[in-house]
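The next block holds one structure in the form of structure tokens; read it before the comments.
Protein chains: 2
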Amino acid sequence: MFSMSLPTLADVARAVGVSRTTVSNAYNRPDQLSKQLRDRILAAAEDLGYPGPDPVARGLRRGRTGVVGLVYDEPLSYMFTDPAAVLFVTGLATVFDDAGTSLALLPRLRVDDPDAGVLAEAAVDGLVSFCEASDDERIAAFVARRLPFVTVDGGSTRAACRVGIDDRGGTRAATRHLITLGHRRLAVAAFPRHHHEGRPGRPERGALRPARLGGIRDAVEDAGLPWDSVVVESADEEGTRREAGRRVGGRILDRSPRPTAVVAMSDELAAGVIDAARDRAISVPDELSVVGFDDTPTAASTAPALTTVHQPLVAKGETAARLLLDGAPDAVVELPVELVVRESTAPPP
Amino acid sequence: MFSMSLPTLADVARAVGVSRTTVSNAYNRPDQLSKQLRDRILAAAEDLGYPGPDPVARGLRRGRTGVVGLVYDEPLSYMFTDPAAVLFVTGLATVFDDAGTSLALLPRLRVDDPDAGVLAEAAVDGLVSFCEASDDERIAAFVARRLPFVTVDGGSTRAACRVGIDDRGGTRAATRHLITLGHRRLAVAAFPRHHHEGRPGRPERGALRPARLGGIRDAVEDAGLPWDSVVVESADEEGTRREAGRRVGGRILDRSPRPTAVVAMSDELAAGVIDAARDRAISVPDELSVVGFDDTPTAASTAPALTTVHQPLVAKGETAARLLLDGAPDAVVELPVELVVRESTAPPP
DNA sequence: TTGTATGCGTTATCAA
DNA sequence: TTGATAACGCATACAA
Chain G
10 MFSMSLPTLA
20 DVARAVGVSR
30 TTVSNAYNRP
40 DQLSKQLRDR
50 ILAAAEDLGY
60 PGPDPVARGL
70 RRGRTGVVGL
80 VYDEPLSYMF
90 TDPAAVLFVT
100 GLATVFDDAG
110 TSLALLPRLR
120 VDDPDAGVLA
130 EAAVDGLVSF
140 CEASDDERIA
150 AFVARRLPFV
160 TVDGGSTRAA
170 CRVGIDDRGG
180 TRAATRHLIT
190 LGHRRLAVAA
200 FPRHHHEGRP
210 GRPERGALRP
220 ARLGGIRDAV
230 EDAGLPWDSV
240 VVESADEEGT
250 RREAGRRVGG
260 RILDRSPRPT
270 AVVAMSDELA
280 AGVIDAARDR
290 AISVPDELSV
300 VGFDDTPTAA
310 STAPALTTVH
320 QPLVAKGETA
330 ARLLLDGAPD
340 AVVELPVELV
350 VRESTAPPP
Chain X
10 MFSMSLPTLA
20 DVARAVGVSR
30 TTVSNAYNRP
40 DQLSKQLRDR
50 ILAAAEDLGY
60 PGPDPVARGL
70 RRGRTGVVGL
80 VYDEPLSYMF
90 TDPAAVLFVT
100 GLATVFDDAG
110 TSLALLPRLR
120 VDDPDAGVLA
130 EAAVDGLVSF
140 CEASDDERIA
150 AFVARRLPFV
160 TVDGGSTRAA
170 CRVGIDDRGG
180 TRAATRHLIT
190 LGHRRLAVAA
200 FPRHHHEGRP
210 GRPERGALRP
220 ARLGGIRDAV
230 EDAGLPWDSV
240 VVESADEEGT
250 RREAGRRVGG
260 RILDRSPRPT
270 AVVAMSDELA
280 AGVIDAARDR
290 AISVPDELSV
300 VGFDDTPTAA
310 STAPALTTVH
320 QPLVAKGETA
330 ARLLLDGAPD
340 AVVELPVELV
350 VRESTAPPP
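So the protein sequences, as listed, match chains G and X.
Just so we're aligned: the first sequence equals residues 10 to 358 in our numbering.
Just so we're aligned: the second sequence equals residues 10 to 358 in our numbering.
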């Protein structure tokens with residue numbers, strides 16, 4: 010015969026003629042019973058095909074699952090397509106892996122799921138929010154559960170526990186670098202704007218990463234240049250980020266007068282801008298300077314190699330993971346960034 | 010006052026003056042009660058700060074969690090370091106994301122955890138095993154739970170449900186390509202061997218991906234060449250795979266007579282071999298031909314671009330995910346591979 | 001449309 | 001060293 014359902018701890022107890030408690034102890038507290046009895050129990054379990062205590066039932070009873078969640082507000086495929094995100098997740102995964110904790114990639118937060126059912130229903134002990142949207146209303150669905158949670162790069166979030174970087178200082182340094190080289194016709198290759206389709210009380214579209222834009226503005230105004238002389242083009246969301254960068258790059262380079270320098274909000278976008286320049290036989294850096302952000306491997310592999318703002322992506326992931334594991338209730342960590350000058354910037358022609 | 014523990018469904022029921030069933034229905038079967046009552050219940054819940062049904066308790070009752078696990082037998086950081094693995098996971102994640110299922114990256118299967126406690130204790134509805142080790146003994150800990158599971162690239166596994174590629178055909182085609190070009194002094198840049206430290210009844214170290222080695226041998230013997238004329242060097246496991254490739258490449262290129270062609274078991278290794286050639290001012294492909302395996306973005310970005318064996322990595326992930334979601338009990342899928350000739354191969358000098 | 005009773009599989013507490 | 005009891009929080013069959 011073939012029993013449809015698996016044997017439970019109670020079945021084993023019955024078979025051996027002991028209580029459930031004792032069987033439970035055989036698994037969880039070997040020191041609480043004689044070695045012989047334990048061996049007998051384990052043998053019987055093996056015999057019956059008992060696979061050990063059920064993780065879900067154990068989770069219910071113990072009040073913890075050993076899983077932390079990661080939410081992202083773009084399709085997960087984007088996450089793996091973006092080298093910066095991959096590095097961040099690597100940092101997260103490393104720490105959780107060592108801690109014996111599982112990292113659950115939750116289904117994405119959908120624009121059409123304002124109540125964030127996903128977050129209300131995730132069986133996790135804590136949450137890392139890696140959402141670029143600046144609103145954290147949807148996160149409220151999780152906060153209500155009173156579980157630890159960390160926001161990463163949360164922008165304007167008011168979350169108590171967060172880790173981020175000095176976005177503003179980063180783009181400011183990058184832009185100052187260009188201005189110091191003599192550039193006056195600047196352009197920005199910006200992230201796509203974010204959708205809030207139909208959500209009342211919010212702007213229809215908000216700028217993504219306003220701090221990065223703010224840093225550029227800081228540097229421009231510090232130099233006494235008019236902000237409205239700076240061309241800002243936002244990327245779209247088709248295909249890879251690099252392809253999107255190529256398209257924004259095209260729009261920027263086809264303007265006249267043509268900007269002599271582009272500040273891109275990520276290395277992928279910057280690489281795309283360089284692609285667009287190559288399409289047009291515009292030499293980088295002789296005719297066009299380009300700076301990126303992130304300092305992912307992409308930055309070192311473009312031709313010419315990218316001047317960019319380095320951010321400690323893996324460390325950011327590790328930090329977020331530790332804050333969660335340590336249960337730091339309201340730590341706010343800002344990691345430093347650093348301008349790395351390579352070959353994609355030079356004085357204007 | 011501050012209640013230490015969250016309100017439960019029962020608290021809401023009491024507050025509203027209805028039964029728990031009715032509150033449960035308010036969440037799970039809106040059509041089973043009047044809209045007014047439902048609204049009253051939801052309002053009271055909001056009021057009390059009830060975050061909705063507890064996911065773990067629900068999981069216990071329903072018998073499913075909405076989570077599938079992914080096991081890997083290397084540190085998770087390796088997974089994200091390897092472009093081929095990232096593409097595979099992208100495929101997985103895309104399908105699960107769309108299905109509203111979470112993908113839990115389980116802590117790695119440790120060599121020193123022969124009972125695979127990780128697998129026995131994971132609160133999941135199914136499992137994807139992405140373990141390169143050819144033994145599946147540790148997986149037995151999971152099989153006992155009678156949950157769906159899929160093995161990917163499982164090598165010699167006897168698992169009922171698996172997806173893989175034509176490893177053997179792939180390296181065979183690649184090797185034949187080299188032999189047809191006229192190469193006779195071949196070398197193989199192989200994967201590291203795998204550890205079975207101290208596990209009784211197993212070889213101390215087993216070759217990883219024996220099928221790929223087998224395909225090379227096939228082609229060599231088909232051509233009537235002696236197999237022992239082929240140099241086989243295994244990579245070590247320090248640093249990135251590409252760095253390891255550079256070291257194996259060095260060992261191969263420093264032999265005399267120097268091989269004129271290298272079959273690498275992955276694009277990362279191949280890229281490393283090209284790095285090693287550059288270190289020694291050996292021209293690829295004029296003095297040395299190199300072929301890879303996988304056809305990741307790396308293959309297109311080396312200089313010269315890699316001749317390699319394309320495998321559908323994303324599709325492999327998608328397939329594995331679908332098999333799991335569809336509960337296919339014992340499907341065996343083998344995806345095709347294809348030789349892609351680029352610029353890293355040419356006739357020998 | 002609503003409520004009653006029961007069980008999901010485990011572990012913590014306490015007593016023996 | 002072992003066992004009885006009582007949660008853990010919920011969802012389902014069934015009755016009303």
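Yeah, the Cβ is synthetic: ideal placement off N, Cα and C, and Gly gets one too.
When the options are compared against residue i, the one with the closest alpha-carbon
i      : options                        : result
X/R289 : X/G164, X/S243, X/L222, X/R260 : X/R260
G/E146 : G/K44, G/D263, G/A168          : G/A168
X/A199 : X/V161, X/R251, X/P294         : X/R251
X/T307 : X/N37, X/A24, X/A279, X/R255   : X/A279
X/G179 : X/E343, X/A22, X/S353          : X/E343
G/V323 : G/D335, G/V346, G/D245, G/G336 : G/V346
G/V293 : G/F302, G/E277, G/A314         : G/A314
G/D162 : G/T189, G/A220, G/D295, G/L348 : G/A220
X/F151 : X/R185, X/G78, X/L114, X/H186  : X/G78
X/P201 : X/N37, X/S275, X/V300, X/R287  : X/S275
X/Y87  : X/P62, X/A337, X/F139, X/N37   : X/F139
X/L338 : X/R71, X/P92, X/P157, X/L101   : Checking the displayed sequence, the identity of residue 338 of chain X turns out to be Pro instead of Leu. Among X/R71, X/P92, X/P157, X/L101, the Cα nearest to that of X/P338 belongs to X/P157.
G/H186 : G/P62, G/V318, G/L114          : G/V318
G/V271 : G/R256, G/R255, G/A285, G/V299 : G/V299
G/E242 : G/R264, G/A132, G/P62, G/G233  : G/R264
X/T90  : X/P266, X/E277, X/K44          : X/E277
G/N37  : G/P62, G/P16, G/W236           : G/P62
G/L118 : G/A132, G/E141, G/R23          : G/E141
CA-to-CA distance, residue j to residue i, given in whole angstroms
i      : j      : result
X/R214 : G/T99  : Any answer about X/R214 is weak, because its pLDDT of 45 lies below 50 and its placement is not dependable; what the coordinates show is given next. Using only the alpha carbons, I get a separation of about 28 angstroms.
X/T316 : G/D304 : 29 angstroms
G/A149 : X/L112 : 22 angstroms
G/L18  : X/R155 : 16 angstroms
X/D176 : X/G224 : 7 angstroms
X/V172 : X/V341 : 6 angstroms
G/R49  : G/L57  : 12 angstroms
G/D134 : G/L46  : 34 angstroms
G/A153 : X/S14  : 12 angstroms
G/S33  : G/V21  : 10 angstroms
G/E352 : X/L332 : 48 angstroms
X/A93  : X/A329 : 15 angstroms
X/R256 : X/G301 : 16 angstroms
CB contact flag (residue i, residue j, <8 angstroms)
i      : j      : result
G/P356 : G/G191 : yes
X/A196 : X/V240 : yes
G/V95  : X/V95  : yes
X/L128 : X/V159 : no
G/I291 : G/L262 : yes
G/P64  : X/E130 : yes
G/T110 : G/G75  : yes
G/L42  : G/A53  : no
G/A125 : G/R181 : no
G/L297 : G/A108 : no
X/A66  : G/L51  : no
X/D106 : G/L85  : yes
G/R194 : G/P116 : no
G/I188 : G/Q320 : no
Buried or exposed (CB count within 10 angstroms, at least 16 for buried), residue i
i      : result
G/A253 : buried
X/R218 : buried
G/P39  : exposed
X/G26  : exposed
G/K325 : buried
G/G358 : First, the amino acid is wrong: residue 358 of chain G is Pro here, not Gly. Classification for G/P358: exposed.
X/T231 : Note on identity: in this sequence residue 231 of chain X is Asp, with Thr being the wrong assignment. Label assigned to X/D231: exposed.
X/T30  : exposed
G/G336 : exposed
G/A312 : exposed
Requested in this report: Please list the segments of the beta strand (DSSP E) lying wholly inside the region 25-89 of chain G, counting only runs of 3 or more residues, in order along the chain.
Outcome: 76-80
Query raised in the report: In the region 167-196 of chain X, which residue ranges form an unbroken alpha helix (DSSP H) of at least 4 residues, counting only runs that do not cross its ends?
Result: 176-190
**Report entry** Complete runs of the alpha helix (DSSP H) confined to the region 239-323 of chain X [at least 4 residues]
**Finding:** 250-262, 276-288, 306-310
Query raised in the report: Which ranges does the beta strand (DSSP E) cover as unbroken runs of at least 3 residues, wholly within the region 86-116 of chain G, from first to last along the chain?
Result: 111-114
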